[in-house]
Structures are given as C-alpha cells and as structure tokens.
Amino acid sequence: MTEKIFTKDAWLETLQGLSGDYRVFIPVKDGDFHVFRLLEKGTRPDFEYQNTRLSPKGLVYPQSERMFEYSLDEKDPESNILKEDPKDYSSQAVVGIRPCDAHAFQIVKQNFDNPEYRDPWWVQHFESTTLVGLGCNEPCATCFCTAMGGGPFDEKGLDVLLYDLGETYLVKSLTDKGKDFLSKAEGGETAEEGKRKSAAELSSEAAKGMPEPRKVDPIREKTINDLFEAPFWENVAFACLNCGTCTFLCPTCWCFDIQDEVQGKQGDRIRNWDSCMFPLFTLHGSGHNPRDQKLQRVRQRFMHKLKYYVDKYDDGFQCSGCGRCVAFCPVNIDIREVLQLMSN
Amino acid sequence: MENPYLPYPVRIDDIVTETEDRNLKTFKFVFLNTEDEEKFAYTPGQFAELSIPGKGEIPIGIASSPTEKGFVAFTVNKVGLVSSHLHNMKNGDVMGIRGPLGNWYPWEDMEGKNVVIIGGGFAFTTLRSSIVYMVEAENRAKFKDIRVVYGARNPGMLLYRDELAAWEKRDDIEMYITVDGTDDPDWKYNVGFVPTITEQKITSADNAIAIVCGPPIMIKFTQPVLEKLGFPPERIILSLEMRMKCGIGICGRCNIGDKYVCKDGPVFSLAELKELPPEY
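Chains A and B are the protein sequences, given in the same order.
Just so we're aligned, residue 538 is where the first sequence starts under our numbering, counting upward by one.
Just so we're aligned, residue -9 is where the second sequence starts under our numbering, counting upward by one.
Next comes the structure, spelled out in structure tokens:
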C-alpha cells in the first residue's frame, strides 16, 4: 500500500501526465448532470460532484458493442463466417469513480466471469481497467451503500482510493493495479500521520447517519415461491411505467440483447444493453410471453436483485446502493422499500 | 481466451421437408473445419444456437444423435425472422452453429430403467435424438423397456415418418403413434390426444422414467396422467423453451426463478419445476 498527498491542482496535472499510460476517464459536468468522459486537452474534470447520472458500467460493458463482423458477399471466400471485431483493450483508468460503482463491478463479475463461462469482452475490458475511487464526504439522500455491504469510503472493488481533504487529496493504492497506477502518477508527497488521521476521520464521519447493513438472511430463509406469490407486488408495480430508467441507470443491471446489423454486404453482430422492463425481453417466437404483464416484469427486477442473486451466488444483494433508481424513477418506486417488504 | 459467442462455421448438407404444411424442415449441417465436430460433442437433450449472419441466432434442440457421425441435424419450425430465412436457404449455404448448450436428459439415472417417451407435435426433435441414441446397438442393453407415445394433429404433421415406421417394426421398442384426428381410412395407428393414449397404453410407472416434450397444453394434461400412474415428480422429466440470446446463462432473459433455462436447463424434472415460479 502506498499513500501520497497531492494538492488538487497537482493532481489534475498528474492525471494529464498519465495520458500516455492510460485512457483516463473523469467526471465532467454536462448540463445538469455529470458523466464520465475521456480526459483530453481542455477537458475540465469536476471532482466536486456527487455521482454521475449514468453509472460508469459502460466503460467496461459498452451500451453497444460490436461482437463480430462478417461479409455477406458471396464472392468472398470467407463470406458468412463470423470474425471477432477488434476491440480496444489498452489500459484505462476511471478516476473519481464512487465506491458504490466500483462495488457494482464486483457484483456483475459473478455473472460475466464465472467458473462455467467467461465473457471474453467483459473480462478483458475489466482487466484493462484501473478503478481510482473518490470517497464520499457527503453521501446523498438516496444513497444506501452501507445497507448493501459497502460504504462511502469502502475499498472493495477499488484499486486506488482518494480522500478529499479540502485543499489536497490523500491517494491510497489498494491493489497491485493501484500500486502500478500510483507509481506512474508523478508528483505528490508522502502522506504524514496527520493527513492519514484526517482521512480516517472523514471516512467515519461520512458513514454517520447512513443505514445499517441489511442482512440477506430474512430473504434467504424464504422460498422463491413464497416471495414470488407475496401480496405486495401489485402495490409495488401499480405506478410503474415500465420505462426502464432503473435498469438503464443501474450499475448492476447486466442484461443484454444480441442483434445483427447489415450495411450493404458487410454485417456486424452487436450486443446492446437490454431491460427486463420491456415485454419484448421474453417474447417467444410463438407469441407466448411468460412475462407479458407489468407486475411480472417489476417483480422480476426486484426478485433478481434481492432474491435470485442472493440464492445463486451467496455474495449479498445484486445492488450496491448507489440510489440512482430511487433518485430517477419517475413514479418514485423505491428499492429500499421493496427490500423491506421482502424482508418482513 | 475461448469465445463462447463465436459459432462454428457449417455448411447445409441436406434439407428435408418434414410436414405437409411445409412449416417444418430438417437441416443437416456439416462442419467446415472437421475438428469442430469433435468440439461439438453433445448428449441427447441439448440444444444449440443456429446462427445466420445478418439475421441472428435461434436456440433449437439437436435432433441428431451423437451416434450419428459426420453431421448434426436440427428440425426447425418456420416462425420468425431467422427461422423463415433458414427455410429459404439451400444446400451448400454457409452459416454457424454455437453449442452444444444446456443440460441433457438424465442418461445416468435412466440406465437400468424402463423409459417412457412422450412427445407431441414438433417438440419431438430431441426425443428423436434420444430414441436413435438408445436403440443403437452399443446402448440398447443399458435400458429396459422403451415405450414411445408420439402424437401430432394429423398424419401429415408427424415428424420423421420413415423412422417412425422403422421403429414400429422393431421388437425392442414399443411405439404408440397417434393423431388428434384423420380422415385417412388406411390410418393404422391410434387416434386420440397424447394424454389419452398415454393413459391407455402406459400401464405402469414401475422402475420407469418419463420424458415429456410437447406443447404446453399437452404437458399440462399429461402430467396428471403420469402422476396417477405412479410417476413421482422426480421421474417426470420435461424440456422447456424460452426466448434466449446468449445460451450460456449471461444475458439474463430466460430465467425461471434463479435458474436459467439455457444453462441450468432446458431439461428439468417436475420436482425441480415445482420449486420454481410458474413463469414459463
């Protein structure tokens, strides 16, 4: 573990200096919201932010990604044979990512990198990524990372953690990837005891007033069918518009669709984020649809996150408590309330 | 890194129109790279993604048996974009196959047991694979009595008619072929729905495993017949269908409860299904 102190101005210069080693992504203000953007000449990062509206999952798992390319030209001896589309696996660093969003990568890793199958694209994007987190001095009202096994300064899933000490950052490496990042980050001074103490204070101060960790046990002890048939789903689903905002913004929603797109005689097989909120998600060719009702789709989302995942992986909930779905749901459906209903 | 999304390139080697409505065709595929055939080692009950560049992929049960070498076969109903395109393809055309995917019928449990196969309509494909596999000389002794109930709407809608006739003639397999109705005066087999014929012909659940594959309505009415015969839910085996994309339990759409039909299935026992929500 290495700890260094950077003044905020020096930190920015350091990041710019890293552009030869990494594609550096930083939070940028765009309109009313923040978004992760590539740090280029003239890009102004804004680390005085709460969180990005869209989670940074797309940096490892793009919203649309070309899987394969192929020729449909009959004259081409290789026609109709799929070839991998080249992808950029050069090192990238996501600087300023919040601990909840780093935790989310650990959660979805269970899906994309499991003992039976490894998703080659997710795995290689993830392996080329260094997560440089920024602890949350002031978590927002919709945050509940502490309930989901994380915390405003939680180190799990991060390679480096930054403490905002006002004029300076204390920058702490947590993994080999993090150590490597910090060794390339020029400048900074060794962190003295006083700074380390203030960092620790920040961390305990931020967690004050945040929710207690939620145990999986009350949900684990119930059968899938008991929860599935519970009477509260009708109320939970009542206001839902099936707009899919929750699944789109969620850092732990991983479902995708695969589509072929053709232009002239050239085609690509592409995967796109998908959403269990849409009826097409489960529509059979025959016309049969096992989840053709709104209630079934709303129930699926919560059951997947709070029950199926829990049972399947023994690794907590499929939620990092970032609070985006709570903050942006147009009809105020609140996963914390659903968790409570399911736990009662 | 191994890429589970990359199909093996194959060539269409033969196309047989199976049914009189011409909506079901059997496609025989040959691997372009011969070593891929070994990599595609499969067990009856599994499925694969048929992959047509420019159109997409569809999950289809494997209709050939691993005892048949040199090709793999799939019987495809013309339903949507990919299957309709496939129906218009011709011998020699190149496409892809990705698999084998999913689990298979419980062959280890079936050894030393009587096997009852119940199929309806065009869901007979992996059952065909299973029958061919079981009656193969090297395998037949592993199983006791094999009884097959197979029904379709009318005689012209039965799949694999030549093979059905050949199995009829064998004395190591009992066939109960049936149709919902027919105006053919020469029809020499049964007339009646699959559950009814099952009730009449299958007299014992003794030391037996039942494999059921068919449209939901057939499964719904066959289930109580089998339970009445004394089949416990652990020995009633079903194969399910779902909309799928990845086929390897990652893309998230084909779940029933915490199980993915593509990876944990498509084969489930009724006992397993009773623990899961009825969302299929």
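Idealized CB from N, CA, C, for every residue including glycine.
Computed from a predicted structure; not experimentally measured.
Under 8 Å, Cβ to Cβ, is there at least one residue of chain A near residue i?
{"i": "L76 of chain B", "result": "no"}
{"i": "I5 of chain B", "result": "no"}
{"i": "N245 of chain B", "result": "yes"}
{"i": "I238 of chain B", "result": "yes"}
{"i": "C252 of chain B", "result": "no"}
{"i": "Y(-5) of chain B", "result": "yes"}
{"i": "Y270 of chain B", "result": "yes"}
{"i": "E231 of chain B", "result": "yes"}
{"i": "P256 of chain B", "result": "no"}
{"i": "V69 of chain B", "result": "yes"}
{"i": "C241 of chain B", "result": "yes"}
{"i": "E47 of chain B", "result": "yes"}
{"i": "K178 of chain B", "result": "no"}
{"i": "K29 of chain B", "result": "no"}
Sort the options by Cα distance to residue i and report the nearest one.
{"i": "G9 of chain B", "options": "B:P214, B:Q190, B:L149, B:V122", "result": "The sequence given here places Thr at residue 9 of chain B; Gly does not occur at that position. Cα-wise, what sits closest to T9 of chain B is B:L149."}
{"i": "Q600 of chain A", "options": "A:W791, A:Y706, A:C866, A:K802", "result": "A:W791"}
{"i": "I240 of chain B", "options": "A:A776, A:V773, A:T782, A:W810", "result": "A:W810"}
{"i": "F865 of chain A", "options": "A:Q796, A:L786, A:K831", "result": "A:L786"}
{"i": "Y250 of chain B", "options": "B:A261, B:E231, B:V84", "result": "B:E231"}
{"i": "I2 of chain B", "options": "B:P43, B:A53, B:E224, B:F61", "result": "B:F61"}
{"i": "M(-9) of chain B", "options": "A:F718, A:G694, A:D650, A:C859", "result": "A:D650"}
{"i": "G633 of chain A", "options": "A:V669, A:R655, A:P623, A:N648", "result": "A:V669"}
{"i": "L260 of chain B", "options": "B:K210, B:M124, B:V125", "result": "B:K210"}
{"i": "S665 of chain A", "options": "A:F718, A:R751, A:N674, A:P816", "result": "A:F718"}
{"i": "V660 of chain A", "options": "A:F642, A:G686, A:T679", "result": "A:F642"}
{"i": "T57 of chain B", "options": "B:L219, B:K45, B:V72, B:E28", "result": "B:E28"}
{"i": "I801 of chain A", "options": "A:V572, A:E611, A:Y586, A:Y559", "result": "According to the sequence as given, residue 801 of chain A is Gly; it is not Ile. That would be A:E611, whose Cα lies nearest to the Cα of G801 of chain A."}
{"i": "P34 of chain B", "options": "B:P175, B:P43, B:S229, B:G182", "result": "B:S229"}
{"i": "E101 of chain B", "options": "B:D162, B:L91, B:K132", "result": "B:K132"}
{"i": "K709 of chain A", "options": "A:G746, A:P816, A:A728", "result": "A:A728"}
{"i": "R603 of chain A", "options": "A:D622, A:G554, A:C682, A:G724", "result": "A:D622"}
How close, in whole Å, do the beta carbons of residue i and residue j come, if the pair is a contact with beta carbons under 8 Å?
{"i": "F605 of chain A", "j": "D805 of chain A", "result": "7 Å"}
{"i": "I120 of chain B", "j": "I201 of chain B", "result": "For clarity, residue 120 of chain B is Ser in the given sequence; the question names Ile instead. Yes, they are in contact, since the Cβ atoms of S120 of chain B and I201 of chain B sit about 7 Å apart, within 8 Å."}
{"i": "I246 of chain B", "j": "E224 of chain B", "result": "With a Cβ gap of about 18 Å, I246 of chain B and E224 of chain B do not count as contacting."}
Buried or exposed for residue i, going by 16 or more other Cβ atoms inside 10 Å?
{"i": "G110 of chain B", "result": "buried"}
{"i": "Y32 of chain B", "result": "buried"}
{"i": "D248 of chain B", "result": "buried"}
{"i": "D696 of chain A", "result": "buried"}
{"i": "C677 of chain A", "result": "exposed"}
{"i": "D797 of chain A", "result": "buried"}
{"i": "D638 of chain A", "result": "buried"}
{"i": "S741 of chain A", "result": "exposed"}
{"i": "V868 of chain A", "result": "exposed"}
{"i": "F64 of chain B", "result": "buried"}
{"i": "N197 of chain B", "result": "exposed"}
Quickly, what does DSSP pair residue i with across the bridge? List them, please.
{"i": "S735 of chain A", "result": "Beta-bridge pairing links S735 of chain A to no other residue."}
{"i": "W810 of chain A", "result": "A:F793"}
{"i": "E39 of chain B", "result": "B:P49, B:R88"}
{"i": "R243 of chain B", "result": "None, per the DSSP bridge assignment."}
{"i": "S601 of chain A", "result": "A:N809"}
{"i": "H571 of chain A", "result": "A:K566"}
{"i": "R1 of chain B", "result": "B:V20, B:V84"}
{"i": "Y700 of chain A", "result": "A:L707"}
{"i": "D650 of chain A", "result": "A:R655"}
Can you find a CB in chain B that lies within less than 8 Å of the CB of residue i?
{"i": "R861 of chain A", "result": "no"}
{"i": "V660 of chain A", "result": "yes"}
{"i": "R655 of chain A", "result": "yes"}
{"i": "L739 of chain A", "result": "no"}
{"i": "H821 of chain A", "result": "yes"}
{"i": "D763 of chain A", "result": "no"}
{"i": "D871 of chain A", "result": "no"}
{"i": "G804 of chain A", "result": "yes"}
{"i": "P768 of chain A", "result": "no"}
{"i": "D610 of chain A", "result": "no"}
{"i": "C792 of chain A", "result": "yes"}
{"i": "F818 of chain A", "result": "yes"}
{"i": "P676 of chain A", "result": "no"}
{"i": "P827 of chain A", "result": "yes"}
{"i": "S601 of chain A", "result": "no"}
{"i": "M747 of chain A", "result": "no"}
{"i": "M685 of chain A", "result": "no"}
{"i": "Q796 of chain A", "result": "yes"}
{"i": "Y607 of chain A", "result": "yes"}
{"i": "M604 of chain A", "result": "yes"}
{"i": "Y559 of chain A", "result": "no"}
{"i": "I618 of chain A", "result": "yes"}
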